[in-house]
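**Student:**
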Amino acid sequence: MKSAIKVAQEQLENFYLIRRLSIYELKSKNKNNYLGILWEFLNPSIQIVIYWFVFSAIRKKNPIELVDGQQIEFFSWLLAAFFLWIFFYQATIQGSKSIYTRLRMLSKMNFPMSIIPGYVIFSQFYVHVIMLAIAIIILNINGHFISIYYLQLIYYMLAAFCLIFSLSLITSTLSTIVRDIHMLLNSTLRMLLYLSGVLWPLAILVGQYEVIMKILKLNPLYYLVEGYRAALFGTEWHFIIEWEYSLVFWCIVIVLFLVGSTLHVKFRRHFIDYI
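Counting from 1, position 238 in the sequence shown corresponds to residue 238 in full-length UniProt numbering; the numbering is continuous, with no gaps.
This is the structure we're talking about:
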């Protein structure tokens, strides 16, 4: 518990520094590209265009029925969660290698090491906000207009950040000690794309595979995906209606944060030994 309080205090006390470093991180990562920071938006945009071409132009998928009975075209349904997935994937991957890729800088740093995953994730958060704005524009063009339910997005973006940061405290520490952890995480996240309801609705498992569906719904990423869709399509106040899953989600995040903080504080004094 002491480690968790210490890490939380370090984030709050250095929040201004985290924001400045996150902007620098975003610029420096793309400084050698002609298009620079635009690549942060072009890559996910190209991916979503490919999905549109496959699922809307070539092989049109059936509409998805939401909890309130709305029939949503597949592409809009996919778009509502896709940029959340991109944020989760990129931020988790970058966060997991955030410390060991900066080991040579550690001796020159005069700020807590725990803010390294924080500012790396924050740099991806900027991209997520802009891509989410683009998704909202597209959804409104498709007839899914802005509603009061959009207020939920503030909660779910905060929840996504907390989940990724808690995960990154664990993975960045373990990846520094055992580099294979990063490779394992990469493979695991690619598999998670198909188990989180991003590409297909888990509701199709109702009946014969209902037990599997209930297990998959405990995935914290699924909770975020459904929350984003509930906000963007205005179906319900998801975090209130599904309060049981809200409770499960935050219990998982708290446990991950406690474990991650303990590991980070315990091993960070030895990180320099892994150069």
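Yeah, the Cβ is synthetic: ideal placement off N, Cα and C, and Gly gets one too.
Expressed to the nearest angstrom, what Euclidean distance is found between the alpha-carbon atoms of Ala135 and Met1?
**Tutor:** Rounded to the nearest angstrom, the two C-alpha atoms are 39 angstroms apart.
**Student:** Between which two residues does the alpha helix (DSSP H) carrying Val129 extend?
**Tutor:** 115-141
**Student:** When DSSP labels each residue in this structure, what does Glu65 get in the three-state scheme?
**Tutor:** strand
**Student:** Under 7 angstroms, do Ser172 and Ile99 count as touching if we go by C-beta distance?
**Tutor:** yes
**Student:** Between Val49, Leu167, Ser175, which has its C-alpha nearest Asn103's C-alpha?
**Tutor:** Checking the displayed sequence, the identity of residue 103 turns out to be Leu instead of Asn. When each option's Cα is compared against that of Leu103, the closest is Ser175.
**Student:** Note down the Cα distance separating Gly167 from Ile148, rounded to an integer number of angstroms.
**Tutor:** At residue 167 the sequence reads Leu, which differs from the Gly that was named. Distance between the alpha carbons of Leu167 and Ile148 is about 31 angstroms.
**Student:** Got a sec, what are the start and stop residues for the alpha helix (DSSP H) Gly95 sits in?
**Tutor:** 74-96
**Student:** Are three or more beta carbon pairs between the segment 123-133 and the segment 201-216 nearer than 8 angstroms?
**Tutor:** They do not touch, by the three-pair rule.
**Student:** Taking the continuous alpha helix (DSSP H) assigned at Tyr228, which residues delimit it?
**Tutor:** Taken as a continuous stretch (DSSP letters only), the alpha helix (DSSP H) holding Tyr228 covers 220-233.
**Student:** Nearest to Ala159 by alpha carbon, out of Val225, Ser261, Leu199?
**Tutor:** Val225
**Student:** What residue range is occupied by the uninterrupted alpha helix (DSSP H) comprising Tyr156?
**Tutor:** 152-177
**Student:** Can you tell me the Cα-Cα spacing of Asn14 and Thr262, whole angstroms?
**Tutor:** 19 angstroms
**Student:** From Trp52 to Leu169, what distance separates their C-alpha atoms?
**Tutor:** 35 angstroms
**Student:** Using beta-carbon positions only, say whether Tyr155 and Phe239 come within less than 7 angstroms of one another.
**Tutor:** yes
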